[in-house]
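Notes for the one structure printed next.
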Amino acid sequence: LSDLVREDLHHFYPRLVANDVKITLIEALDHVLSMMDKEISDFTEKHFHRENIEVLMNTFVKAIKQHEVVIQEKGSNEQQSIPCSVVVWATGIKPRRLTNRIREIIGLNTQSNRMGILTDQHLRAKGVHDGSLFAIGDCATIEQPKLVDRIQLLFEE
1 LSDLVREDLH
11 HFYPRLVAND
21 VKITLIEALD
31 HVLSMMDKEI
41 SDFTEKHFHR
51 ENIEVLMNTF
61 VKAIKQHEVV
71 IQEKGSNEQQ
81 SIPCSVVVWA
91 TGIKPRRLTN
101 RIREIIGLNT
111 QSNRMGILTD
121 QHLRAKGVHD
131 GSLFAIGDCA
141 TIEQPKLVDR
151 IQLLFEE
């Protein structure tokens with residue numbers, strides 16, 4: 001979103017973008033990208049700071065109204081309003097209950113990726129021995145062989 005504003009919209013509306021556009025990220029947890037490594041989260045937060053993106057941590061969205069977002073900080077009963085003209089809602093990335101249930105049935109020992117159903121390169125779910133279950137789209141992730149597992153083969157080629 002920041003790139004769109006800074007690089008694209010700036011060409012068409014230079015004064016508007018320079019003076020009136022502000023991006024605010026509202027995060028319910030104490031850091032962004034909580035499912036990633038801390039280093040990635042820290043890097044992202046620093047990048048947002050450099051891009052002048054305000055990040056409100058430990059803050060919940062309570063309501064979205066026509067020209068405002070109502071927020072509440074964790075541990076507080078007080079709500080406040082942030083004026084806005086555009087809201088982009090992008091809630092967390094976690095699998096749906098059905099996806100998690102399928103992973104549990106297959107067996108978490110073969111389904112090691114928490115973000116989706118782990119598949120082979122032919123989109124067959126890992127751990128289903130007859131190859132009868134396929135997974136595609138946001139519920140699936142293709143297993144990527146680790147380079148270290150193939151290091152001997154690389155030297156043989």
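Taking UniProt numbering, the leading residue of the sequence shown gets 1, the next gets one more, and so forth.
Glycine included, each C-beta is placed from N, C-alpha and C at the ideal position.
Where the beta strand (DSSP E) through residue i begins and ends
{"i": "Phe134", "result": "That residue, Phe134, is in no beta strand (DSSP E); it is neither H nor E in DSSP."}
{"i": "Leu25", "result": "24 to 26"}
{"i": "Thr110", "result": "Run containing Thr110: none; DSSP gives neither H nor E here."}
Under 8 Å between C-beta atoms of residue i and residue j
{"i": "Ile23", "j": "Ile53", "result": "yes"}
{"i": "Leu118", "j": "Phe134", "result": "no"}
{"i": "Ile106", "j": "Val128", "result": "yes"}
{"i": "Phe43", "j": "Leu25", "result": "no"}
{"i": "Val88", "j": "Leu1", "result": "yes"}
{"i": "Glu27", "j": "Val55", "result": "yes"}
{"i": "Pro95", "j": "Met115", "result": "yes"}
Limits of the unbroken alpha helix (DSSP H) element including residue i
{"i": "Ser85", "result": "It is not in any alpha helix (DSSP H) - Ser85 carries neither H nor E in the DSSP assignment."}
Beta-carbon separation (whole angstroms), residue i vs residue j, contact threshold 8 Å
{"i": "Glu68", "j": "Ser81", "result": "4 Å"}
{"i": "Asn113", "j": "Thr141", "result": "5 Å"}
{"i": "Gln144", "j": "Lys126", "result": "Not confirmed; about 12 Å, so no contact."}
{"i": "Glu45", "j": "Val32", "result": "6 Å"}
Those residues which DSSP pairs with residue i across a bridge
{"i": "Arg124", "result": "Phe134"}
{"i": "Leu118", "result": "Thr141"}
Length-filtered (3 minimum) beta strand (DSSP E) runs lying within the region 35 to 103: If we require 3 residues or more, the beta strand (DSSP E) runs fully inside the region 35 to 103 come out as 54 to 56, 59 to 65, 68 to 73, 79 to 83.
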